[in-house]
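1 is the number of the first residue of the sequence shown in UniProt numbering; add one for each residue after it.
Ideal placement from N, C-alpha and C gives every residue a C-beta, glycine not left out.
Worksheet: the structure to be examined is printed underneath.
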Amino acid sequence: MADGRLSSDEVIAKLIEMGFENSSAVQAVKQVGPLFNDAVEYILNGSCGDCRGAPSNSECSTKNSKALGKRTLSSAVLGQMRQSSILDHFQSTGRPKRRRTSNVPDTSISGSEVLDRPVNEVKESVTSKGCGNLGTVPEALQVSFKEEVEPGLHWEQRANNLLQKHFGYSSLKSFQKEALAAWRAHRDCLVLAATGSGKSLCFQIPALLSGKVVVVISPLISLMHDQCLKLSRHGISACFLGSGQPDSSVEQKAMRGLYDIIYVCPETVLRLIKPLQGLAESRGIALFAIDEVHCVSKWGHGFRPDYRRLSILRENFNASNLQFLKFDIPLMALTATATIQVREDILESLSMSKETKIVITSFFRPNLRFLVKHSRTSSSTSYKKDFCQLIGMYARKRKNGNKKQIMISNVTSDCSDSSTDISISEAYEYSDVDDDVHLTKENGSTPSKQRELSAEYLENELDVFQSVDDWDVAYGEFCGQSPHKDLEMSGLVETADAPGTIEERLALLQEPLEEGPTIIYVPTRKETLSIANYLCDSGVKAAAYNASLPKSHLRRVHKEFHDNMLEVVVATIAFGMGIDKLNVQRIIHYGWPQSLEAYYQEAGRAGRDGKLAECILYANLSRVPSLLPSKRSEDQTKQAYKMLSDCFRYGMNTSCCRAKILVEYFGEDFSNEKCLLCDVCVDGPPKAENLKEEANILMQIIASQNGQSCFLDGSYDDTYSDSKSHRLMQKPNLRMFVSKLREQSQKFWEKNQLWWQGLARVIEGKGYIREGDDKIHVQIKFPEPTKLGLEFLEVERDKPFYVYPEADMLLSMNKCKSYSTFADWGKGWADPEIRRQRLEKRRLDRKPRKPRRKRKSRKRKPDMTTARGRITAKLSKLG
Ligand SMILES: Nc1ncnc2c1ncn2[C@@H]1O[C@H](COP(=O)(O)OP(=O)(O)OP(=O)(O)O)[C@@H](O)[C@H]1O
Ligand SMILES: [Mg+2]
């Protein structure tokens, strides 16, 4: 917004349009001139006597509140301070894609404006106007930034001091500053920043700056646990509440204000509204932070119905409803994976203010190298092929002087011999009594009560994220210890900014990959065990992690992973939302992920130290992935198919930079064009082919089936179009089209279903065909031509049609037997000579049959009721 270009009247009109009172708008413009941003800030900061009843300067507030005691502000006056909750400033349609803006807030995204002036400046100007008419607000309930106790120090400086003192980092990142500035201006804020960029600090620092409590809503106990543990290491007292909290006194202590930060799951916060209102009145609540906020949205991954009910926070903690509040308690919503649709849904369902500040950093992670590889991902044969490099790498690492062998369990920690590398199935000691599993192998001795926890032991189940308890691996309560105490131990070092320039990224390519730990994500629980088992057998220090394993084991895996005692964790999605370990070098997805959101979030756990890290997706590129079972409504099923389909297309892509696809998926314009690291950037796309003829015939068949037979040039026998078959097959699908096409033209025989499926997708991508079914399919199933497609047939007949073959097309042409065997075998049987040769070959190939065991003929008992039976019985007795 170019403030300078607006007249006073225009600024006033805009302010009124935003929902501010006429008098406030006029007064604000009188005071600051026709500067829209400043006027908004002026009003929001309570400088406008009319609308606020009192200036919001906290220095004044604090001083006065001491003298005046109980509050006297009328709720009517306070009611005007409520943040509006309509989304009319968040335009969804026609919004341009945002450019990469690491530091600059994107004003095009919201109606919220950026605070151009530091808040202190505003405060100073307010102070100079005096604060005589301040209402009486109890001291503890004021927005009493601690800086008022340390006058003269700019809040940013104070925040940096606290950062240095508690976390050992030198300065806030710019997006963190933006989020904090919004909080200080009592504004709601939506923070969209890449995985591992440091979102947590945006809501942790306010607790230190204000001396009030920060309430963090988080979806997982393991995540809350991780963060509490970390905070305790940094000298900040924190606790988490809910069913995972074994100590019932923690909740009471938390509500009395004994912790700086309270982590709570959405289910619990809904129950605690009243006590939290008490806390807001006593010690004060600085902020409600809603972490992993994509869980709010049905359109995202990891939807949690209870997240949707969190609008209760705005309804219950606003200035008109709680008279002791001067401002609504701000909401700060944070996520690393939210498409534009998800963002809108978040703002709406949380009833966030229309002045919500949206802070965005680029989703691009320049040190991550994305690769896609074809694998059946199904058996030990695949494991052997796919993990041999990984196994070799860890073996080399151990050989190269990593003499100090670290064992993977507490129990075995005293054994330093590599021979104690163990396999999962032989290592688990299962105790029925305490539901506890120990990773033990006591030099050959068979532990008592041992039971094999093998893959067969567990059902082939998935981990579906429904409630906070699902993956509970919590320890309990953590209180602040002295800062930096365990800093070195935890391996916490300042995260360098990841290399962003082309030169830096090219230099990354020259660097060898470090040998840090790997996380392998698999879809099912059973696979966590079978792969971990395989890796352990191959000498890798690996562990399985899934929600069905005993909690004590899961806790141990967490700990050993963080302490660098494990090389590989093989996990379902239960492992790691928000896991913040700096040196994870490799994230492997073994099997199709269910969405690009989930994929990017999980992949984002690699390379948080800024060093080169790999994210490899192994998937069966010759199979269309299917949706994993889960409880879904009809709408959710549609959305789930859409997300899976996007993921499938990402895997099939052979020509576009993978980082570009991922980043643009989240609505960002990828200004770099190429990441220079992914397999497509490094290996280059395959040779483009002119597939005009193939595209034409496929389009003709599709068009003819959809009543567009005028486009047929006679080369295609339109058998399906006759009325009889039309009646029989209302909806011919792609597979049928292709079968017919191949039957009729020997020329295209070499190209099998898989190849044509790829071509159909390419044509769909160009906008020539679309899905004709009302259901969403991962791969186009019932194609019908679009207007553009008909034009292609009519007008562009003779133009070449160059395309980059997609992964399935390439696989198909490589004669991958897995899908072409049957087709080849079926070909040519009509020819008697071919038939004779094949049958002969089959006869010769056939293994000699084992001689059949003679079946003992069971003697039938004679039927004594008949004469014949009785005679037979007599005869048999006689011998
Ligand atoms: N200003 C800073 N300077 C240096 N390092 C920082 C800074 N802020 C945060 N970090 C570090 O960045 C790392 C990632 O932080 P954090 O866990 O908050 O990431 P996140 O954005 O929440 O990631 P995710 O999306 O996976 O939850 C942490 O190790 C943190 O200490
Ligand atoms: Mg986080």
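Close Cβ partners of residue i (< 6 Å) along its chain, the five nearest in sequence each way excluded
i    : result
H186 : F327 and P330
D38  : V32
P862 : G869, T872 and A873
K385 : none
M809 : W755 and G758
R314 : S351
D469 : Confidence at D469 is low in this model, with a pLDDT of 49, below 50, so its placement is unreliable and no value can be given for it.
K638 : I776
Proximity below 9 Å, CB of residue i to CB of residue j
i    : j    : result
V359 : A207 : no
V213 : G651 : no
A338 : L350 : no
I236 : L270 : no
H580 : S200 : One detail in the question is off: residue 580 reads as Asp in this sequence, not His. Yes; because the gap between Cβ atoms is below 9 Å, this pair is in contact.
P366 : L788 : no
S210 : A286 : yes
V570 : I616 : no
As assigned by DSSP and simplified to three states, the class of residue i
i    : result
G307 : Note that residue 307 corresponds to Tyr in the displayed sequence, not to Gly. Helix.
P785 : strand
H186 : coil
F670 : coil
N160 : helix
I531 : helix
F327 : coil
A542 : strand
L180 : helix
T637 : helix
E840 : helix
M565 : coil
L676 : coil
L793 : helix
L334 : strand
V778 : coil
Y259 : coil
N690 : strand
CA-to-CA distance, residue j to residue i, given in whole angstroms
i    : j    : result
I520 : K747 : 43 Å
E348 : W299 : 13 Å
E567 : G516 : 7 Å
E689 : V762 : 12 Å
H154 : Q510 : 43 Å
N546 : V522 : 10 Å
W755 : K611 : 38 Å
L325 : N318 : 7 Å
R376 : S382 : 6 Å
L698 : L741 : 8 Å
D486 : L163 : Residue confidence for D486 is low, a pLDDT of 37 falling below 50, so the modelled location carries little weight and cannot support an answer.
P266 : D188 : 18 Å
T361 : A659 : 15 Å
Q837 : L549 : 55 Å
E771 : C675 : 32 Å
V624 : S378 : 15 Å
E292 : Y600 : 14 Å
F363 : E668 : 8 Å
Y475 : A238 : Residue placement at Y475 is poorly supported in this model, since its pLDDT is 33, which falls under 50; the coordinates still yield a value, given next. Straight-line Cα distance between these residues: approximately 13 Å.
D687 : G765 : At residue 687 the sequence reads Lys, which differs from the Asp that was named. Whole-angstrom Cα-Cα distance: 19 Å.
I587 : Q252 : 40 Å
Y534 : R398 : 18 Å
Near ligand 3: residue i beta-carbon under 8 Å from a heavy atom
i    : result
A606 : Inclusion of ligand 3 in the displayed structure is not the case, the ligand content consisting of ligand 1 and ligand 2 alone.
Proximal residues to residue i (C-beta, below 7 Å), its chain only, five neighbours per side dropped
i    : result
S7   : P34
R735 : Q753
L644 : Q594, S595, P625, L627 and V778
C295 : P219, G302, F303, R304 and Y307
Neighbourhood of residue i by C-beta, 8 Å cutoff - its chain only, sequence neighbours within 5 removed
i    : result
V26  : I12
K642 : I776
V584 : G516, P517, T518, I519, R605, A606, G607, R608 and A613
T572 : L462, D463, Y521, V522, P523, T524, R525, T528, Y545, N546 and A547
L204 : Reading off the sequence shown, one finds Gln at residue 204, where the question assumed Leu. Contacts found: V214, L231, I236 and I261.
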